[in-house]
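Trainee: Have a look at the structure that comes next, please.
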Amino acid sequence: KYKMTITKIQFLTSQAEINEFGNLVILVNNGEQIKSYDIMHADEREAVEAGVDQLFINFEINSVIEIGFGLGYTAQKFEQHGVQKHYIIEPHPEIYQMALDWRESQPNKDNIIIINDFYEQWDRRQEDGEMIKADLVYYDAADLTSDDPVDFITITEDTLQVYFKWATKLVAGYGRGNCEVSEYLEKFNYQVGQNNYAQPYKNKQLS
């Protein structure tokens, strides 16, 4: 199938908005037309939140690095579970501002760090020279099965290797009913209503 992709520059200069359905979309001008890309769907909220709950059922998580903010569903869930340190990497300027606004509403806001960058460009060095790590690196695996991906956020084996270097325990992805995972990852299944979902993960303690 033909796959439309966009560049990082197009992504950064796109307009982000929440449409009439409550979905987060970006509008990209490629010089010929304006194309809308879905970033997060409002009707996925239950599945997203249930996937985060499943992680806490199976693992002890005190700190998390999230790749992307979206509509903030997972970010809010991690806060409700009481994570002590919370990093969110969000390159898009308007979605980054949404994350900053959300942070101000959180009781734990002093321990929430929002990074305006792409994950592969993030300098994890702290003031003492130590590299930031967290118990969990959490990513959105949407583009593994998309016919119309935003190519620079597609999760690959190389991407996961980077995430593993950041995680002290666990790397996990956003569960979807049709989520495909490679043999490199494990998964557990859970149900929301009548729908079944797969939560891809890799427990570093098992590797």
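Straight run, no breaks: the sequence shown in our numbering ends on number 275.
Glycine residues also receive a C-beta, built at the ideal position from the N, C-alpha and C atoms.
1) Leaving out the 5 sequence neighbours to the left and right, which residues in its chain are closer than 6 Å to residue 124 when beta-carbon positions are compared?
2) From residue 79 to residue 231, what distance separates their C-alpha atoms?
3) Check whether the Cβ atoms of residue 167 and residue 146 sit closer than 8 Å, and answer yes or no.
4) Count the other C-beta atoms from every protein chain shown that fall within 10 angstroms of the C-beta of residue 264, then say buried if there are 16 or more, exposed otherwise.
5) Is the separation between the beta-carbon of residue 202 and that of residue 116 shorter than 8 Å?
6) Just to confirm, are residue 155 and residue 200 a CB contact at a threshold of 8 Å?
7) For the segment 129 to 162, which segments carrying the beta strand (DSSP E) assignment without a break, of at least 3 residues, lie completely within its bounds, in sequence order?
8) With distances taken between CB atoms, is the gap from residue 95 to residue 86 smaller than 8 Å?
9) Is it buried or exposed for residue 192, if we count other Cβ within 10 angstroms and need 16 for buried?
10) I'd like to confirm the pairing. Which residues does DSSP put opposite residue 271 in its beta bridges?
11) Among residues of its own chain, excluding the 5 on either side of residue 114, which ones have a beta-carbon nearer than 8 Å to its beta-carbon?
12) Short of 6 Å in beta carbon distance, which residues of its chain neighbour residue 243, apart from the five on each side in sequence? Order them along the chain.
13) Alpha carbon to alpha carbon, how far is residue 269 from residue 253? Give it in angstroms, no decimals.
14) If we count the other Cβ atoms within 10 Å of its Cβ and call it buried at 16 or more, is residue 210 buried or exposed?
15) In terms of residues, what are the limits of the beta strand (DSSP E) holding residue 95?
Mentor: If we stick to the structure as given:
1) 149
2) 22 Å
3) no
4) exposed
5) no
6) yes
7) 131 to 135, 153 to 157
8) no
9) exposed
10) 238
11) 260, 261
12) 119, 265, 266, 267
13) 6 Å
14) Residue placement at residue 210 is poorly supported in this model, since its pLDDT is 45, which falls under 50; the coordinates still yield a value, given next. So residue 210 counts as buried.
15) 92 to 97
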